[in-house]
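The numbering of the sequence shown is this note's numbering, which starts it at 580 and goes up by one.
Glycine residues also receive a C-beta, built at the ideal position from the N, C-alpha and C atoms.
If you're wondering where the values come from, they're calculated on a predicted model, not measured in any experiment.
Okay, structure first, notes after.
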Amino acid sequence: MSEITLEKLPYAENALEPVISSRTVSFHYGKHHAGYVSTLNKLIDGTPYAGLRLDEIVRRAAADGASAIFNNAAQAWNHAFYWKSLAPAGAGGEPTGAFAAAVQRDFGSKEALVKALAEAAVKRFGSGWAWLVAEKGRLSVLSTANAETPITRPGVTPLLTLDVWEHAYYLDWQNRRADYADAVLGQLVNWSFASAAYAGSV
Ligand code: MN
């Protein structure tokens, strides 16, 4: 049977310190993210979902109202995307090319974009995700609840995400979600990844 695999972390577990500790990454990646993948594989075994790509499972389960499969598949997808949205401090570069121009056009500056993302992260009530997305070339910020993901929205391409479930920050920042968001968005964003994702979306 073809299984969904847990994507490798794009850096060492301690590479995001001190903003995100290796202890957090070890639990977040090794227990939470790995758990979604392993539960998903159990749920889809022997069903028409087996053999589909992860993004296809997310979209089909959303359309089918298959909530357990959707939740685990979407969380597996969102987490893989979250790790890629981050980079060790200094390694993520700056917005480049058409993406840099779109940031200026739609937000005025990178700082204003970061502020909008931080606000979306803080305002999301309960668990969820803050996102930078592109739709027909235009950038916008949104947040989703629980496992919800923009990849179920036709024409919407995610460029960056920030996990705001408590498991993403509680060991390092306790209840201070705003401080976690500011530190991650200020120091660990993989702008090169967002630039490439934007280029692929237009
Ligand atoms: Mn998480």
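Let me make sure I understand the geometry here. Which of the options has the alpha-carbon closest to that of residue i?
i	options	result
S771	A666, W752 and Y749	A666
E714	N593, A776 and N651	A776
Q654	Q766, V743, V768 and D761	V743
H612	G716, V598 and N651	N651
P597	D758, S774, A778 and A773	D758
Hey, how far is the Cα of residue i from the Cα of residue j?
i	j	result
V637	S719	22 Å
G687	T675	15 Å
I583	A641	18 Å
K694	L619	34 Å
Y615	L622	10 Å
F678	E698	21 Å
A691	V682	9 Å
S722	P627	30 Å
S576	S605	No answer is possible for residue 576: it lies beyond the span of the chain, which begins at 580 and ends at 781.
A629	G644	17 Å
F649	A726	8 Å
A659	D634	11 Å
L595	D624	35 Å
G734	Q753	36 Å
Just grab the DSSP bridge partners of residue i for me.
i	result
R602	According to DSSP, R602 bridges with nothing at all.
P589	BP columns for P589 are empty, so no partner.
D742	W708
P737	V712
L665	V768
request  = Run through the segment 709-733 for me and flag every whole beta strand (DSSP E) of 3 or more residues, listed as ranges in chain order.
outcome  = Here the runs fully enclosed are 717-724.
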